[in-house]
Structure formats: structure tokens, C-alpha cells
Amino acid sequence: MDGPIRQIRDFASHLLAKEVSHHPLSPPPAYTPNRQPLDLLAITARQLEQQREAQPRPVLIDNSPVTTLLSGSAIDDAASDMAEEESSPIFLRINTSIKVASNNNVLCLDATPTDNAKQIAEAVVKAMRDYSAGNAGLPMIDEEGRPRPVKIDVDAGVTVEGANNFLGSKHVFQQFLEVQRNAQDRGQRRRREESEEEADETAGPSKRSRSTD
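Quick note on numbering: my numbering labels position 52 of the sequence shown as 54, and the sequence is numbered without any gaps.
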């Protein structure tokens, strides 16, 4: 038994010595970076994604009727109206219109109807902001947290039906009153002069007879 084993060992030693003589052992390098372990799952997922992108994408065809496609705007409007109804909108209607239906009226306006409507709308918006839910006032969102739309309709028109009606600003109104006052003064002065002339004509013969005596 020892003979064959010894022969095998000698043969292995001879081969090792021969290999070392041809390829001498070199010292290990000063720094060998650690190799990162391969992530098989990430590599497999990346390959599948690349294969999926390389495949042609299917073409989607809309089989809906033409009438439905043409009436898309109407559907959007109906959907928006339904959304507003579901979100409980805030609707305010303010009527500050002026209507004159008789004659000989004088009406002083501080502002034009357009300015009046603008001031009212700004005042309403400011009041809603000041008294919002943050200030323990009007809630601007519904139960689901959606904002509540606000609609403000202001009617500030002026309608005049009649004759000899005056509508204007304060400055024009003052000028109108001054013209009316001057006209009244001239009328009173004219009537006074006419009455004095009539009195002189009535007393004329008696005055002439006294002068002859």
C-alpha cells in the first residue's frame, strides 16, 4: 500500500514543482476592491422591461359613435353642471336696478350703474373672504373637501318710462337745481313787474286828473 501512495505523492510534488518553476507565485496586490454581489432580480426585471419596450405597441381604436364624439362639449358642460350641483354652489342674486314709471321726476345718482354693480360685487367677495370658514363664517368647501363654486348675479340696470324725468350725478343735480332756481326767480320777477304795470295803468286816469287840478 505504501508503495503506490508514495509514487502518487512524488508525481504530484513533481508536477507542482514544475508548475511553480514555469509560473512563479506573485504576491497579492496591495488593494483588491470588493466585488458587489449580483442582483439577479434587478437584472431579470431590466431585461424584461427592455424586451417589452422593443415590442410594437398596440393601436387603440375608439368604437364610439360619431354623434358621441361630436357632442363632447355638450357632455362636458353637462358634467360640469352636475359637478357644480353635487358640490353645493353658492349663488347670490343682487338687484339694485332703478325703474322710473312716471313723469317729472328728479333722481340723483352717486355712481353709474356699471360702477355700482362693480362696487357691490367687490363688497360681496370681500365679505365672503372675511367671513369664510377660517374666520368661523361661511364654509367655502363641501363635506368632501371640494371647493364650492360662487356665482354672483348683479342687476344694476336703469329703466325710465315717462316724460320730463331727470337722472344724473350729484354735480349735474346741483347744476339742475341752480337752473331751476334761476328760472323761478326770473318768473317771479316777471310776474311782479307785470303786476306793477297793471297797477300803474289802473291808477293812471286818477293821477292825471289830480295833476290838472
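Note that beta-carbon positions come from the ideal geometry of N, C-alpha and C, so glycine has one too.
Here the structure is a predicted model, which is why all the values come from computation and not from measurement.
Own chain residues within Cβ distance below 6 Å of residue i, not counting five before or after
| i | result |
| --- | --- |
| Ile96 | Ile122, Val156 |
| Asp202 | none |
| Glu198 | none |
| Gln177 | none |
| Lys120 | none |
Nearest to residue i (by Cα), restricted to the options the options
| i | options | result |
| --- | --- | --- |
| Ala129 | Pro149, Gln52, Pro115, Ile154 | Ile154 |
| Thr161 | Thr98, Val102, Cys110 | Val102 |
| Val152 | Glu196, Val126, Gln176 | Val126 |
Expected contact under 8 Å - CB spacing of residue i and residue j to nearest Å
| i | j | result |
| --- | --- | --- |
| Ala158 | Pro91 | Incorrect: roughly 22 Å between the Cβ atoms, too far for contact. |
| Arg148 | Met142 | In fact, because the Cβ distance is near 10 Å, the residues do not count as touching under 8 Å. |
| Gly164 | Asn118 | That pair is no contact at about 22 Å. |
Contact under 9 Å by Cβ, residue i with residue j
| i | j | result |
| --- | --- | --- |
| Leu109 | Leu169 | yes |
| Asn184 | Asn105 | no |
| Leu94 | Ser171 | no |
Contacts around residue i, its chain only, beta-carbon distance under 7 Å, and the 5 residues preceding and following it disregarded
| i | result |
| --- | --- |
| Val174 | none |
| Glu200 | none |
| Val181 | none |
Cβ neighbours of residue i in the same chain (closer than 8 Å, five flanking residues each side left out)
| i | result |
| --- | --- |
| Glu124 | none |
| Thr204 | none |
| Asn65 | Note that Asn65 has pLDDT 44, beneath the 50 cutoff, so the model's placement of it is unreliable and the number below is only indicative. So no residue of the chain qualifies. |
Any chain B beta carbon closer than 9 Å to residue i
| i | result |
| --- | --- |
| Gln176 | No chain B is part of this structure, which consists of one protein chain only. |
Practice item. Please list the segments of the alpha helix (DSSP H) lying wholly inside the segment 89 to 134, counting only runs of 4 or more residues, in order along the chain. Key: The segment 89 to 134 contains these whole alpha helix (DSSP H) runs: 115 to 132.
Review point. Mind pulling the beta strand (DSSP E) runs of 3 or more residues that sit fully within the segment 165 to 198?
Key: You should have 168 to 170.
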